[in-house]
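In what follows, a single structure is set out as C-alpha cells and then discussed.
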Amino acid sequence: MMESAVRVLLVEDDVHLGVVVRKALTNQGFVVDVELTGPDGLWAATENDYDVVVLDIMLPGLNGYDVLRQLRARQVWTPVLMLTAKDGEWDEVDAFDLGADDYLTKPFSLAVLAARLHALIRRGAGARPAELLVGDLTLDRARGSASRAGEPLRLTAKEFALLEYLMHHCGEVLSKTELLDHVWDSAFEGDVNVVEVYVGYLRRKLDQPGGRRHIETIRGMGYRLS
Numbered sequence: 038m039m040e041s042a043v044r045v046l047l048v049e050d051d052v053h054l055g056v057v058v059r060k061a062l063t064n065q066g067f068v069v070d071v072e073l074t075g076p077d078g079l080w081a082a083t084e085n086d087y088d089v090v091v092l093d094i095m096l097p098g099l100n101g102y103d104v105l106r107q108l109r110a111r112q113v114w115t116p117v118l119m120l121t122a123k124d125g126e127w128d129e130v131d132a133f134d135l136g137a138d139d140y141l142t143k144p145f146s147l148a149v150l151a152a153r154l155h156a157l158i159r160r161g162a163g164a165r166p167a168e169l170l171v172g173d174l175t176l177d178r179a180r181g182s183a184s185r186a187g188e189p190l191r192l193t194a195k196e197f198a199l200l201e202y203l204m205h206h207c208g209e210v211l212s213k214t215e216l217l218d219h220v221w222d223s224a225f226e227g228d229v230n231v232v233e234v235y236v237g238y239l240r241r242k243l244d245q246p247g248g249r250r251h252i253e254t255i256r257g258m259g260y261r262l263s
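Per this note's numbering, residue 38 is the first one in the sequence shown, and the count goes up by one each step.
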C-alpha cells in the first residue's frame, strides 16, 4: 500500500475494462475516477487535480489524441499514459509528439500498468511550455513545428521528439539509454545505436556549414544540446 492516496483519472469507454482496472488499482491504494467519453475525460482532467491520467485513444465524442492536445494547449501538465488497442510505431509517435508521457498497448498486464503509473508519479509533471527556445532554435509542440534562426526545419516525427527532449534538457549530458527510454519507448528492444543515427539526422538539419554544432558528443557519456 502507498503512504498516501494517489488520484488517477481513467478515460476508457470499455465499461468492463474500466471496472477491472479500477478494482485492480484501488486494491493497490489508488483513488480512481472513470470517465467513458472524450469530452467527459477532458472536463474531468481540466477541472480536477489528478496525479496521473490513463487515456484511451479510441473514445466517443473526442478521441484520445484530441483530448491530449487540448490538455497540453490548456497547460495541463498532468502525466498522461495512453492506452490503445492499436499496435503501430506511428500511433506511439503521435502520442508522444502531442505530449504523452507513456504508452501501453492492449491487452496489457495490470501489474505493468501499476508499475508504469508509479514511475510517472515519481517523475512528476513539471511545467512544459508550449514553445521552447534554445539559442537560435524554436520548437512549438502545439503546432508541431520547429525552426532555426527563423527558418523552418523539416523534421520527421521522431526527429521532432528527439529535438524536443534535448531542448527540455539543454546543457545536460543525456545517455543513449535515457534518450531511448524517453524518446522511443521504455520497452524498446531495438539497437541502442538508433539514437546515434537520429542524432546524425538532426545534426544535418540543425548545423550550417562552417557554423557551430548544436549537439555535442560527450565521449563515453552521451549527447548534449549546447
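We put the beta carbon where it would ideally sit given N, CA and C, even for glycine.
Using a Cβ-Cβ distance cut-off of 8 Å, the region 46–66 and the region 84–97 are in contact, since at least three pairs of beta carbons, one from each stretch, lie closer than that value.
Leu-118 places its beta carbon 8 Å or farther from that of Asp-103.
Of the other Cβ atoms in all chains shown, 16 or more fall within 10 Å of the Cβ of Met-204; this residue is therefore buried.
In the three-state scheme derived from DSSP, where H, G and I count as helix and E and B as strand, Arg-261 is classed as strand. Measuring C-alpha to C-alpha distances from Tyr-238 to each of Leu-176, Arg-191 and Ala-186 identifies Arg-191 as the nearest. Along the region 53–109, the alpha helix (DSSP H) occurs as fully enclosed runs of 4 or more residues at 75–84, listed in sequence order. In the structure shown, Asp-218 falls within a helical segment according to DSSP collapsed to helix, strand and coil.
Residue pairing from DSSP places Glu-168 in a beta bridge opposite Asp-177. Close CB contacts of Gly-78 within its chain, under the 6 Å cut and outside five residues either way in sequence, are with Val-48, Glu-72 and Val-104 (chain order).
Boundaries of the beta strand (DSSP E) around Ala-183: 182–185. For Leu-47, the uninterrupted beta strand (DSSP E) segment begins and ends at 43–48. For Val-229, there is no enclosing beta strand (DSSP E), as DSSP gives it neither H nor E. With a contact defined as Cβ atoms closer than 8 Å, Ile-158 and Asp-86 miss out at about 13 Å. Sequence-distant Cβ neighbours of Asp-173 in its own chain, meaning closer than 6 Å and more than five residues away, are Arg-185 and Ala-186. Between the alpha carbons of Arg-261 and Asn-100 lies a gap of roughly 36 Å.
The shortest C-alpha to C-alpha distance from Thr-214 to any of Glu-201, Gly-208, Asn-230 and Pro-144 is the one to Asn-230. Your pair Arg-160 and Leu-141 does not check out as a contact, with CB atoms roughly 16 Å apart and the cut at 8 Å. Annotation: Trp-114 to Arg-106 spans about 11 Å, alpha carbon to alpha carbon.
In this chain, the beta strand (DSSP E) harbouring Leu-141 covers 139–142.
Counting along the chain, Val-117 sits inside the beta strand (DSSP E) bounded by residues 117–121. In the structure shown, the three-state DSSP call for Glu-253 is strand. In the structure shown, Leu-192 falls within a coil segment according to DSSP collapsed to helix, strand and coil.
The secondary-structure analysis by DSSP pairs Leu-211 across a beta bridge with Tyr-260. About 7 Å separates the beta carbon of Arg-240 from that of Arg-250, a gap short enough to meet the 8 Å contact definition.
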